[in-house]
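Residue numbers (our numbering): 13 to 363.
Note that beta-carbon positions come from the ideal geometry of N, C-alpha and C, so glycine has one too.
A quick note: this is a predicted structure, and the numbers were derived from the prediction, not measured.
A short worksheet on the structure shown next.
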Amino acid sequence: MNTSHDLPETIHGPAAWLGSDMSTRQDEWLIPLSDTDIADLERAANHYLALGRDVGEITAADFPLETFGGHLASLKKKLLHGIGFEVLRGLPVDRYDQRFAATIFCGVGSHLGSARSQNAQGHILGHVRDTGASSRNPNTRIYQTAERQSFHTDSADIVGLLCLQDAQEGGESLLVSALSIFNRMRSERPDLVTRLFDPIATDRRGEVPAGAEPYMEIPVFNWHAGRLTVFYQRQYIESAQRFEGAIPLTPAHVEALDMLDRLANDPAMHVRMRLEKGDMQFVYNHSQLHDRTDFMDWPEPERRRHLLRLWLSPTGDRELPKCFTQRYGSIEIGDRGGIVTERTVLTAPID
Numbered sequence: 013m014n015t016s017h018d019l020p021e022t023i024h025g026p027a028a029w030l031g032s033d034m035s036t037r038q039d040e041w042l043i044p045l046s047d048t049d050i051a052d053l054e055r056a057a058n059h060y061l062a063l064g065r066d067v068g069e070i071t072a073a074d075f076p077l078e079t080f081g082g083h084l085a086s087l088k089k090k091l092l093h094g095i096g097f098e099v100l101r102g103l104p105v106d107r108y109d110q111r112f113a114a115t116i117f118c119g120v121g122s123h124l125g126s127a128r129s130q131n132a133q134g135h136i137l138g139h140v141r142d143t144g145a146s147s148r149n150p151n152t153r154i155y156q157t158a159e160r161q162s163f164h165t166d167s168a169d170i171v172g173l174l175c176l177q178d179a180q181e182g183g184e185s186l187l188v189s190a191l192s193i194f195n196r197m198r199s200e201r202p203d204l205v206t207r208l209f210d211p212i213a214t215d216r217r218g219e220v221p222a223g224a225e226p227y228m229e230i231p232v233f234n235w236h237a238g239r240l241t242v243f244y245q246r247q248y249i250e251s252a253q254r255f256e257g258a259i260p261l262t263p264a265h266v267e268a269l270d271m272l273d274r275l276a277n278d279p280a281m282h283v284r285m286r287l288e289k290g291d292m293q294f295v296y297n298h299s300q301l302h303d304r305t306d307f308m309d310w311p312e313p314e315r316r317r318h319l320l321r322l323w324l325s326p327t328g329d330r331e332l333p334k335c336f337t338q339r340y341g342s343i344e345i346g347d348r349g350g351i352v353t354e355r356t357v358l359t360a361p362i363d
């Protein structure tokens with residue numbers, strides 16, 4: 013555990029932004045794709061598909077870019093060392109079949125990092141849509157429902173989304189800086205912020221590696237090698253309390269978690285965006301929390317909200333504290349993250 017003596021009074025840097033400010037700086041994170049960019053991506057996708065290989069095997073070498081690779085190198089720096097997110101707008105997915113769209117998305121991802129498994133089935137290409145699953149089931153993953161999520165991190169260094177179909181109403185994306193939340197709590201309630209550096213149980217939701225407990229005990233805030241790293245999913249923290257042996261939450265822990273949630277949901281703290289069809293959003297999980305509002309889908313099955321998702325592990329990333337081995341298995345930079353059990357076989361399901 014970190015004590016208050018170990019922690020800075022304020023964390024500075026480009027990732028410590030405020031939503032009220034970031035909403036006026038869209039030109040820094042909302043990047044329109046040019047015709048030249050799109051042609052380059054399509055050319056690389058055609059090259060890869062001509063190889064006759066599974067989309068899940070794509071590498072940067074197999075997805076050669078003539079011009080857009082320079083922007084992806086800048087995007088990687090923005091994620092790891094800058095504001096921590098970006099949206100690429102304007103991929104014409106309406107003129108693609110799903111395999112071609114997935115090839116472009118996975119190809120872009122391959123220039124940012126190695127793809128990681130997103131569930132026990134080994135899916136490196138996730139499908140985010142309402143499957144009709146009940147959120148009351150403690151093994152349901154929240155992205156499988158149409159309900160409001162809550163601010164959280166995913167189990168990888170970078171999460172990417174490609175919007176294939178938008179909802180009829182709702183489904184907006186929200187991002188908030190964990191560094192700015194720390195700064196507010198450190199200033200206003202230093203007694204509570206230290207509680208978030210205590211080990212806190214988080215439910216694995218039934219996806220349990222061999223020999224592991226059905227929960228992890230990783231602090232929400234981790235101060236390691238001079239960097240603040242966040243790990244958070246409130247619903248999973250609460251459902252972990254069902255397990256015998258899980259560290260019980262104290263009233264001070266609950267108060268600290270409530271304050272974190274209250275700050276994250278403050279419109280002055282977060283930035284809100286609606287992902288349009290063809291948008292690719294990339295978010296750095298270690299400095300940002302992300303959320304999605306509830307949504308109402310279109311009645312026609314072919315129009316229902318559908319996003320593709322990638323979890324990525326980039327080279328050149330930060331060190332993570334040892335406690336992250338509970339979630340990541342390995343904390344080797346460039347080869348960490350994801351969900352792997354004894355049954356996992358990596359695949360990239362297109363449909």
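Requested in this report: Indicate the three-state DSSP secondary structure (helix, strand or coil) for residue 50 in the structure shown.
Outcome: Within the sequence shown, residue 50 is the residue found at index 38, counting from 1. Helix.
Query - Distance between residue 212 and residue 343 (C-alpha atoms, nearest Å) - result: Translated into the one-based positions of the sequence shown, residue 343 becomes position 331. Translated into the one-based positions of the sequence shown, residue 212 becomes position 200. C-alpha of residue 343 to C-alpha of residue 212: approximately 19 Å in a straight line.
Report task. Please report the residue range of the alpha helix (DSSP H) in which residue 117 lies. Result -> Taking the first residue of the sequence shown as 1, we reach residue 117 at position 105. Unbroken alpha helix (DSSP H) run through residue 117: 110 to 122.
Query raised in the report: Can you list, in chain order, the stretches of the alpha helix (DSSP H) that have 4 or more residues and sit fully within the stretch 274 to 349?
Result: Qualifying alpha helix (DSSP H) stretches, in chain order: 337 to 340.
Query - CA-to-CA distance, residue 189 to residue 175, given in whole angstroms - result: For the purposes of this step, residue 175 is taken as the residue at position 163 of the sequence shown. For the purposes of this step, residue 189 is taken as the residue at position 177 of the sequence shown. Whole-angstrom Cα-Cα distance: 23 Å.
Query - Spatial neighbours of residue 183 in its chain, beta-carbon cut-off 7 Å, leaving aside the 5 residues before and after - result: If you number the sequence shown from 1, residue 183 lands on position 171. Hits under 7 Å: 304, 305, 307, 317.
**Report entry** Alpha-carbon to alpha-carbon, residue 319 and residue 177
**Finding:** The residue labelled residue 177 in the question sits at position 165 within the sequence shown. The residue labelled residue 319 in the question sits at position 307 within the sequence shown. Approximately 7 Å between the Cα atoms of the pair.
Report task. For residue 146, count neighbouring Cβ atoms within 10 angstroms of its own Cβ and tell me buried if that reaches 16, exposed if not. Result -> Mapped onto the sequence shown, residue 146 falls at position 134. Bear in mind that the predicted position of residue 146 carries a pLDDT of just 44, short of 50, making it unreliable; the figure below should be weighed with that in mind. That one is exposed.
**Report entry** Where residue 130 sits in the DSSP three-state scheme
**Finding:** Numbered from its first residue, the sequence shown carries residue 130 at position 118. Of the three classes helix, strand and coil, the one that applies to residue 130 here is coil, per DSSP.
Report task. Compare the Cα-Cα distances from residue 295 to each of 326, 110, 96 and report the closest residue. Result -> Start at 1 with the first residue of the sequence shown, and residue 295 comes out as number 283. Just measuring C-alpha positions, the residue of 326, 110, 96 sitting nearest residue 295 is 96.
Query raised in the report: Is DSSP giving residue 23 helix, strand or coil here?
Result: Position 11 of the sequence shown, counting from 1, holds the residue named residue 23. Here residue 23 sits in coil by DSSP.
Query - Bridge partner(s) assigned by DSSP for residue 227 - result: For the purposes of this step, residue 227 is taken as residue 215 along the sequence shown, with counting starting at 1. According to DSSP, residue 227 bridges with 215.
Query raised in the report: How would you label residue 262, buried or exposed, when you count the other beta carbons within 10 angstroms and need 16 or more for buried?
Result: On the sequence shown, residue 262 is found 250 positions in, with the first residue counted as 1. Residue burial annotation: residue 262 is exposed, with fewer than 16 other C-beta atoms found within 10 angstroms of its C-beta.
Query raised in the report: What does a CB cutoff of less than 7 Å around residue 282 pick up in its chain, not counting 5 residues either side in sequence?
Result: Here residue 282 is taken as the residue at index 270 of the sequence shown, counted from 1. Correct list, in chain order: 31, 186, 187, 188, 276.
Query raised in the report: Can you give the Cα-Cα distance for residue 41 and residue 322, rounded to whole angstroms?
Result: What you label residue 41 is simply residue 29 of the sequence shown in a count that begins at 1. What you label residue 322 is simply residue 310 of the sequence shown in a count that begins at 1. Roughly 19 Å separates the two Cα atoms.
Query raised in the report: Under 7 Å between C-beta atoms, does residue 66 make it to chain B?
Result: Absence of chain B from the displayed structure is noted, only one protein chain being present.
Report task. Taking the CB atoms as reference points, tell me whether residue 271 and residue 191 lie closer together than 7 Å. Result -> Your numbering for residue 271 matches position 259 in the sequence shown. Your numbering for residue 191 matches position 179 in the sequence shown. The answer is no: Cβ separation not under 7 Å.
Requested in this report: Identify which residue in 121, 68, 168, 24 has its Cα closest to the Cα of residue 345.
Outcome: Numbered from 1 along the sequence shown, position 333 holds the residue referred to as residue 345. The candidate whose alpha carbon is nearest that of residue 345 is 168.
Query - Residue environment, residue 88, which counts as buried when at least 16 other CB atoms sit within 10 Å - result: Locating residue 88 in the sequence shown gives position 76, where the first residue counts as 1. A residue is called buried when at least 16 other Cβ atoms come within 10 angstroms of its Cβ; residue 88 meets this threshold and is buried.
Requested in this report: Report yes or no: do three or more beta-carbon pairs, one from the stretch 47 to 61 and one from the stretch 326 to 337, lie closer than 8 Å?
Outcome: Flag = no, the stretch 47 to 61 and the stretch 326 to 337 do not touch.
Query raised in the report: Over what stretch of residues does the alpha helix (DSSP H) that includes residue 247 continue unbroken?
Result: What you label residue 247 is simply residue 235 of the sequence shown in a count that begins at 1. Here the alpha helix (DSSP H) through residue 247 covers 246 to 252.
Requested in this report: State the beta-bridge partners of residue 94 as determined by DSSP.
Outcome: The residue you call residue 94 lines up with position 82 of the sequence shown. In the DSSP assignment, residue 94 is bridged to no other residue.
Query raised in the report: For residue 99, which beta-bridge partners are listed by DSSP?
Result: Locating residue 99 in the sequence shown gives position 87, where the first residue counts as 1. In DSSP, residue 99 forms a bridge with 42, 293.
Requested in this report: Alpha carbon to alpha carbon, how far is residue 111 from residue 14? Give it in angstroms, no decimals.
Outcome: Residue mapping note: residue 14 aligns to position 2 of the sequence shown, counting from 1. Residue mapping note: residue 111 aligns to position 99 of the sequence shown, counting from 1. Because residue 14 carries a pLDDT of 46, less than 50, the predicted location of this residue cannot be relied on, and the following value inherits that uncertainty. In this structure, the alpha-carbon of residue 14 lies about 47 Å from that of residue 111.
Query raised in the report: Roughly how many whole angstroms lie between the Cα atoms of residue 237 and residue 337?
Result: Residue mapping note: residue 237 aligns to position 225 of the sequence shown, counting from 1. Residue mapping note: residue 337 aligns to position 325 of the sequence shown, counting from 1. Those two C-alpha atoms are separated by around 16 Å.
Query raised in the report: From residue 247 to residue 46, what does the alpha carbon distance come to, in whole angstroms?
Result: What you label residue 247 is simply residue 235 of the sequence shown in a count that begins at 1. What you label residue 46 is simply residue 34 of the sequence shown in a count that begins at 1. For residue 247 and residue 46, the gap between their C-alpha atoms comes out near 40 Å.
**Report entry** N- and C-terminal bounds of the beta strand (DSSP E) containing residue 185
**Finding:** On the sequence shown, residue 185 is found 173 positions in, with the first residue counted as 1. If you look at residue 185, you'll find it in the beta strand (DSSP E) that goes 185 to 189.
Query - Sequence-distant residues of the same chain with beta carbon closer than 6 Å to residue 44, five excluded per side - result: As a first step, residue 44 must be located in the sequence shown, where it is residue number 32. Closer than 6 Å at the Cβ level, and outside the excluded window around residue 44, lie 101, 102.
Query raised in the report: Of the residues 138, 20, 106, which one's Cα is nearest the Cα of residue 351?
Result: Here residue 351 refers to the residue found at position 339 when the sequence shown is read from its first residue. Nearest option by C-alpha distance: 138.
Query raised in the report: Residues bridged to residue 238 by DSSP?
Result: Along the sequence shown, one-based indexing puts residue 238 at 226. None; residue 238 has no bridge partner.
Query raised in the report: If we ignore side chains and look at the alpha-carbon of each, how far apart do residue 339 and residue 62 end up?
Result: As a working note, residue 339 is residue 327 in the sequence shown. As a working note, residue 62 is residue 50 in the sequence shown. Going from the Cα of residue 339 to the Cα of residue 62 covers about 37 Å.
**Report entry** Distance, residue 171 Cα to residue 163 Cα
**Finding:** Translated into the one-based positions of the sequence shown, residue 163 becomes position 151. Translated into the one-based positions of the sequence shown, residue 171 becomes position 159. Answer to the nearest angstrom: the Cα atoms are 14 Å apart.
Report task. Could you please give me the residues that DSSP links to residue 173 through a beta bridge? Result -> Numbered from 1 along the sequence shown, position 161 holds the residue referred to as residue 173. DSSP lists 293, 321 as partners of residue 173.
Report task. Could you tell me the distance, in whole angstroms, from the CA atom of residue 104 to the CA atom of residue 26? Result -> Within the sequence shown, the letter at position 92 stands for residue 104. Within the sequence shown, the letter at position 14 stands for residue 26. Going by the C-alpha atoms only, they are around 31 Å apart.
Query raised in the report: DSSP on residue 32, reduced to helix/strand/coil?
Result: Locating residue 32 in the sequence shown gives position 20, where the first residue counts as 1. Of the three classes helix, strand and coil, the one that applies to residue 32 here is helix, per DSSP.
**Report entry** Segment limits, alpha helix (DSSP H) that includes residue 203
**Finding:** The count along the sequence shown starts at 1 and reaches residue 203 at position 191. That run of the alpha helix (DSSP H) goes 202 to 205.
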